[in-house]
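Peer 1: Sharing a structure below in structure tokens format, with a few things to ask.
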Amino acid sequence: MKKLNDYLYSGDTVLKILQRYSEDLKQSAKETDNQIELLHCNFLLQIAELLQHNDFLTSQSQRIREFYALMANDYPFLAFTFKGRIKSLIRAEAKFNGYIVEYIYDYYRENGNYPSLPELKNALNCFRDLIAYRIVISLPKCHLKAGQTCAEEEIKYLYDVANQLPGFLEERGFTAELSTLKGQKKAPLLNERVSPYYRDYIANTESSGYRSLHITFYDNIARCYVEVQLRTKEMDDFAEIGPANHLGYEKRQESERARRDAIPRGENIYFDDAYKRGITLQQLELSKLDVNMFSAMDNSLINDGCGLYRGRLILPYEHLSRFQYDLID
């Protein structure tokens, strides 16, 4: 079985790794008539195209930037950041294999047997976040009025921004996708016309404490999906460097071990292969990898300039609150 781990130590660039890994997977898929491996190859080729920063990213980033300009004009007292990234190779690989494990396990638990090949192939067409943008806002305390709390005011602004985003982007070639979050509670600050498109993890906080607004668009010009996340700085800190990040990782490991215990070994090759790839990725010692433009002191101190681990940044914008004008007045 071919694994990404086997290609990370020979000094190749990320694009060379993607090329070699996908070619070997394709050859193996033909020899074993494994159609899921062929899907896997196509998934890797999508990442390769994105990492090369094709022309469509310039167009897409420019249209996203127009919303940044709107926010700078409409919310001058807010501080906020816009970031865009292409999902990194390691995390994309982990997600692809993790989804196979999750889907087969859930299907087996519910039905007592395994999904058909067409069902599994259809389920693997779900990836919509290879390109993602994040808007993080913060309200400086100097702008608070008597009786106001920072957290409450920031959430009001966040939902106000969320209400504007779909219509703005749809005028620029994007189409909002309906939410896949089932049975979610509605937030009163989210307008009826946009509510069906958001996965609202603020009104529906996850068990880890993670909070955010997520919405997926199809870019009709670039012909690809993009995800936009909206958070306050407190939410972003909690997710990126706080308990949600750590607890989520620990919980995923426990869930994966439970799934392996529930599925008899040897009964489903797709589950077995995906689980093994996922486990070996978790065991990577990043400091020993030899990939151009990537270096790591350990699994926490990482300098990734090539889209291998954290993802390649494609849109860094920052708007500082204009509070200094208040002081001048």
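Numbering (UniProt numbering), first residue to last: 1 to 329.
Cβ coordinates follow ideal geometry from the N, Cα and C atoms, glycine included.
1. Would you be able to state if there are at least three C-beta pairs under 8 Å between the stretch 135-150 and the stretch 70-87?
2. Suppose only complete runs of 4+ residues qualify. What are the alpha helix (DSSP H) ranges in the stretch 214-280, listed by chain order?
3. Here's the rule: buried if 16 or more other CB atoms are within 10 angstroms of the residue's CB, otherwise exposed. What is residue 166?
4. Are three or more beta carbon pairs between the stretch 121-132 and the stretch 275-282 nearer than 8 Å?
5. Excluding the 5 residues flanking residue 174 on each side, which residues of the same chain have their C-beta closer than 6 Å to its C-beta?
6. Any idea which residues DSSP pairs residue 313 with across the strands?
7. Under the rule that 16 or more other beta-carbon atoms within 10 Å means buried, what is residue 193, buried or exposed?
8. Grouping DSSP H, G and I as helix and E and B as strand, with all else coil, what is residue 391?
9. Are residue 263 and residue 108 touching if we call contact CB-CB under 8 Å?
10. Is it the case that the Cβ atoms of residue 176 and residue 187 are separated by a distance below 8 Å?
11. Count the other C-beta atoms from every protein chain shown that fall within 10 angstroms of the C-beta of residue 2, then say buried if there are 16 or more, exposed otherwise.
12. In whole angstroms, what is the alpha-carbon distance linking residue 325 and residue 143?
13. What residues in its chain sit with their C-beta under 7 Å from that of residue 51, if we drop five residues either side in the sequence?
14. As an exercise, report each continuous alpha helix (DSSP H) stretch of at least 4 residues that is fully enclosed by the stretch 32-82, in chain order.
15. Give a yes or no on whether the C-beta atoms belonging to residue 159 and residue 190 are separated by under 8 Å.
16. What are the boundary residues of the beta strand (DSSP E) that residue 292 is part of?
17. Name the two residues that bound the continuous beta strand (DSSP E) containing residue 304.
18. Got a sec? Which residues, its chain only, sit under 6 Å from residue 17 by beta carbon, not counting five neighbours each side?
19. Kindly confirm or deny that the stretch 280-294 and the stretch 54-73 touch, where touching means at least three C-beta pairs closer than 8 Å.
20. Just the C-alpha distance for residue 221 and residue 309, rounded to the nearest angstrom, thanks.
21. Give me, in chain order, the residues of the same chain whose beta-carbon lies closer than 8 Å to that of residue 95; leave out the 5 immediate sequence neighbours on both sides.
22. Taking the alpha-carbon positions, what's the residue 232 to residue 31 distance?
23. Hey, could you find the ends of the alpha helix (DSSP H) residue 123 is sitting in?
24. Report all residues from its chain with a CB closer than 7 Å to the CB of residue 254; omit the five preceding and five following residues, and keep chain order.
25. Would you list the residues sitting across from residue 321 in a DSSP beta bridge?
26. Any idea what DSSP makes of residue 127, helix, strand or coil?
27. So, is residue 64 buried or exposed, given that buried needs 16 or more other C-beta atoms within 10 angstroms?
28. Relative to the C-alpha of residue 117, which candidate in 282, 317 and 37 has its C-alpha closest?
29. Consult DSSP for residue 176 and reduce its assignment to one of helix, strand or coil.
30. Which residues share a DSSP beta bridge with residue 138?
31. First and last residue of the alpha helix (DSSP H) that includes residue 165?
32. Does the Cβ-Cβ distance between residue 315 and residue 99 come in under 8 Å?
33. Which residue from 56, 41 and 72 puts its Cα closest to that of residue 320?
34. Out of 258, 285 and 266, which one is the CA nearest neighbour of residue 105?
Peer 2: So, from the data block:
1. yes
2. Qualifying alpha helix (DSSP H) stretches, in chain order: 233-240 and 243-262.
3. Walking along the sequence shown from the start, residue 166 turns up at place 166. Label assigned to residue 166: buried.
4. no
5. On the sequence shown, residue 174 is found 174 positions in, with the first residue counted as 1. Cβ neighbours of residue 174 beyond the five flanking positions: 217 and 219.
6. Taking the sequence shown and counting its residues from 1, one reaches residue 313 at position 313. Per DSSP, 85.
7. Residue numbering aside, residue 193 sits at position 193 when the sequence shown is read from its first letter. Exposed.
8. Given that the chain is displayed from residue 1 to residue 329, the structure contains no residue 391 and the question cannot be resolved.
9. One-based indexing of the sequence shown puts residue 263 at position 263. One-based indexing of the sequence shown puts residue 108 at position 108. Contact: yes.
10. Residue numbering aside, residue 176 sits at position 176 when the sequence shown is read from its first letter. Residue numbering aside, residue 187 sits at position 187 when the sequence shown is read from its first letter. No; because the gap between Cβ atoms is not below 8 Å, this pair is not in contact.
11. Residue mapping note: residue 2 aligns to position 2 of the sequence shown, counting from 1. So residue 2 ends up on the buried side.
12. For the purposes of this step, residue 325 is identified with residue 325 of the sequence shown, where counting begins at 1. For the purposes of this step, residue 143 is identified with residue 143 of the sequence shown, where counting begins at 1. For residue 325, the predicted model reports a pLDDT of 46, less than 50, meaning its position is unreliable; a value from the coordinates is still stated below. Cα to Cα, residue 325 sits roughly 12 Å from residue 143.
13. Here residue 51 refers to the residue found at position 51 of the sequence shown. For residue 51, where only same-chain residues beyond five positions count, the Cβ hits under 7 Å are 14, 15, 86, 307 and 312.
14. 35-51 and 55-74
15. Your numbering for residue 159 matches position 159 in the sequence shown. Your numbering for residue 190 matches position 190 in the sequence shown. Cβ distance < 8 Å, so residue 159 and residue 190 count as in contact.
16. Position 292 of the sequence shown, counted from the start, is the residue given in the question as residue 292. Note, residue 292: premise wrong, no beta strand (DSSP E); not H, not E.
17. As a working note, residue 304 is residue 304 in the sequence shown. Annotation: the continuous beta strand (DSSP E) that includes residue 304 extends over 302-304.
18. Looking up residue 17 in the sequence shown gives position 17. For residue 17, where only same-chain residues beyond five positions count, the Cβ hits under 6 Å are 7.
19. no
20. Looking up residue 221 in the sequence shown gives position 221. Looking up residue 309 in the sequence shown gives position 309. Computed Cα separation, rounded: 28 Å.
21. Taking the first residue of the sequence shown as position 1, residue 95 is located at position 95. Same-chain partners within the cutoff: 87 and 127.
22. Mapped onto the sequence shown, residue 232 falls at position 232. Mapped onto the sequence shown, residue 31 falls at position 31. Distance between the alpha carbons of residue 232 and residue 31 is about 50 Å.
23. On the sequence shown, position 123 is the one that residue 123 refers to. 117-123 is the extent of the alpha helix (DSSP H) around residue 123.
24. Residue numbering aside, residue 254 sits at position 254 when the sequence shown is read from its first letter. Non-local C-beta neighbours of residue 254 in its own chain, meaning closer than 7 Å and more than five positions away in sequence, are absent.
25. Taking the first residue of the sequence shown as 1, we reach residue 321 at position 321. None; residue 321 has no bridge partner.
26. Counted from its first residue, the sequence shown places residue 127 at position 127. It is coil, neither helix nor strand.
27. Here the question's residue 64 lines up with position 64 in the sequence shown. Around the CB of residue 64, 16 or more other CB atoms lie within 10 Å, so the residue is classed as buried.
28. Indexing the sequence shown from 1 puts residue 117 at position 117. When each option's Cα is compared against that of residue 117, the closest is 37.
29. Working through the sequence shown from its first residue, we reach residue 176 at position 176. Strand, per DSSP.
30. Here residue 138 corresponds to residue number 138 of the sequence shown, with the count starting at 1. The partner list for residue 138 (beta bridge, DSSP) reads 79.
31. Working through the sequence shown from its first residue, we reach residue 165 at position 165. It spans 150-170 - the alpha helix (DSSP H) in which residue 165 sits, taken as one unbroken run.
32. On the sequence shown, position 315 is the one that residue 315 refers to. On the sequence shown, position 99 is the one that residue 99 refers to. In this structure, residue 99 does not lie closer than 8 Å to residue 315 by Cβ.
33. Along the sequence shown, one-based indexing puts residue 320 at 320. Looking at the Cα atoms, 72 is the closest of the given residues.
34. As a working note, residue 105 is residue 105 in the sequence shown. The residue with the shortest Cα to Cα distance from residue 105 is 258.
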